[in-house]
Amino acid sequence: MTSLPDRRRSAITWIVIGLAVALAMVATLLTISLLSKLPTGTGPTATSSGGASATSESSATQGASASASSTPDQHTAPAWVATGSMIEARQGHTATLLRDGKVLVTGGRGQEGTSAELYDPSSGAWTATGNMIQGRTGHTATLLRDGKVLVAGGLPSEGIVLASAELYDPSSGTWTATGNMVTPRDGPTATLLPDGRVLVTGGADNCCEGGELASAELYDPSRGSWTATAGMAEARLFHTATLLLDGRVLVAGSGPYLLASAELYDPGSGSWTATGSMIEARRGHTATLLRDGRVLVTGGEGSAELYDPASGSWTATGNIEGDRSFHTATLLPDGRVLVAGGIAGSGPGALASAELYDPRRGSWTAGGNMAAARYDHTVTLLPDGKVLVAGGSSIVSSIALASAELYDPGSGS
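Numbering-wise (the numbering used here), the sequence shown opens with residue 42 and increments by one.
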C-alpha cells in the first residue's frame, strides 16, 4: 500500500509536470503569435536569401544610426573672439577690405596719422605697409574697381581740413598722389557708384564749429580728377550715404543740427531729389542696405526705421536696446545686421554691447559683448563671414585703442 507521503510526492510531481506542460504550450502559442506579426523574411526561421540580405541591411542601418548619433555636434555658437592688436592705436581711421582678403587700415588719431597697416585673417596678425603721403583722420577710403584704394580729405594734426587725395596700390604697398578735391572736407561720405566713379558728399571745411557743407563732387579714376556735381538741399555732417539697388544714393540725417530729412542722388542726371523724411532726426547713426533693397537706419535716437525705395517712405521697426550713436552696423551673410559699440546716450562712456536685427521678424536680439567698449571704431566683413572690429576709443576724448576682435556668427545660430 502506498503511503500518504508517497502519494503527496506523486501528486506534487504530476502537478509540476502538468504545469510544465501547460507553460510550454503557452510559450509555444505566444511564439507562434509573435512570429505571425513579423514582416515577411525577417523572422528567425526565414531561410530565403532575401531574409539574409534584409537582416544584413538592418544591421548596417542600425550601425550607421548608432555612429551618427555618437558623432559630436559640429555647430558652434556665435561669439566674440580675440585677434591680434594693431601696430598703432587708432580712432577715426578707415578700414577697407582688399581683393586678396586682407584689410587695409589707414590714419586716425592716436598716432602721427600717416601710417597704414594690413590685417591678415589667415594669421590674425597685422603688418605695416607704406605710409600715406599726408597724415589724416576723419577721411574716406574707397576700394576702386582696379583694386586700388582712394583716400580723400580729412583732418591732419595741424588742424587744416584737407582737399588732397591719394591712391594705395596693394601690389606694391605704396601710395601715389591723385587730384585734389574741389573742396576741402572733414567727415564726408564716399560712395562707389556703379560706373566706377566715387561720389563724395557733405562734411565740413572747418576744423572747429560750423563749416558744414551741402556740396558734392565726383572722382573719376580714369582721369584721376574731381568735378563738382549738384549740391544737396541741406548741409550735412555725420550723415549717411547708401547705394541703392537701382544705382541711386540715399543720403539721410545730420547737419549743423539734427536732421530728419533725406534726399536721393541720381548719377545718370547728376541731380538730387527729395524723398520722405525719417521718423526721427538723427546724428551719428548708421544706414545698412538689406537684401530686399530696403535700408535699415539705427541709432542717433535709440530707435530704428526702414526706408523703402519703392515708396520713398519710412516705417518704424523694432527698437535697439537703449540709445547709441557713432556705432557700427554690418550686414551678415545670413541677412541679419550686427550693431556694435557706440556712445551711450546717458553718459560719456562707450558701449561694449552688440545687437542683431532680423529683417524677417523686424526684431532685435542680444549679440553678446565685445571685450572692449568702443566707439569711432571700424568694422569689416571678412570673406569667411566673420566681422573684424578694430580701434576706436572707450571713453569720449580718451586715448585711442589698438585692440581688435572678431565676431564669429557661428554655424548653429
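Ideal Cβ placement from N, Cα and C applies to all residues, glycine included.
Using three-state DSSP, classify residue i as helix, strand or coil.
i, result
"LEU234", "coil"
"ASP161", "strand"
"ALA65", "Confidence is the limiting factor: at ALA65 the pLDDT is only 46, short of 50, which leaves the residue's position unreliable, though a coordinate-based value still follows. In the structure shown, ALA65 sits in a helix (DSSP, three-state: H, G or I)."
"GLY151", "coil"
"GLU199", "coil"
"GLY408", "strand"
"GLN132", "strand"
"SER394", "strand"
"ASP287", "coil"
"VAL223", "coil"
"ARG401", "coil"
"TYR448", "strand"
"SER312", "strand"
"GLU304", "strand"
Closest to residue i by C-alpha separation, out of the options, would be which residue?
i, options, result
"THR178", "GLY265, LEU379, ALA315, GLY154", "GLY154"
"SER302", "ALA276, GLY133, GLY288, TRP167", "ALA276"
"GLY214", "PHE279, ALA193, GLU158, SER163", "GLU158"
"SER366", "ILE384, PRO374, PRO350, GLY176", "ILE384"
"THR230", "ARG140, THR281, ARG238", "THR281"
"LEU429", "VAL202, SER310, GLU129, ALA136", "ALA136"
"ARG332", "SER444, ASN247, ASP349", "ASP349"
"LEU285", "MET319, GLY142, THR232", "THR232"
Inspect the beta-carbon positions of residue i and residue j and report whether they are closer than 8 Å.
i, j, result
"GLY195", "GLY148", "yes"
"GLY426", "PRO450", "yes"
"ALA441", "GLY151", "yes"
"LEU139", "PRO225", "no"
"VAL190", "LEU203", "no"
"GLY376", "ALA395", "no"
"ALA393", "SER126", "no"
"LEU372", "VAL378", "yes"
Could you check the C-alpha separation between residue i and residue j for me, to the nearest Å?
i, j, result
"THR314", "GLY272", "11 Å"
"GLU446", "LEU422", "12 Å"
"LEU145", "LEU299", "32 Å"
"ASP261", "ASP227", "20 Å"
"PRO235", "PRO119", "34 Å"
"GLU253", "ALA328", "20 Å"
"THR242", "TRP121", "34 Å"
"ASN221", "HIS326", "28 Å"
"ARG131", "GLY432", "5 Å"
List the residues that DSSP assigns as beta-bridge partners of residue i.
i, result
"ARG365", "ALA385"
"TYR416", "SER434"
"GLU258", "VAL241, ALA269"
"ALA354", "The question names Ala, but residue 354 in the sequence shown is Ser. Beta-bridge pairing links SER354 to ASP349."
"ARG277", "LEU254"
Are the C-beta of residue i and some C-beta of chain C separated by less than 8 Å?
i, result
"PHE279", "The chain inventory of the structure shown lacks chain C, comprising one protein chain alone."
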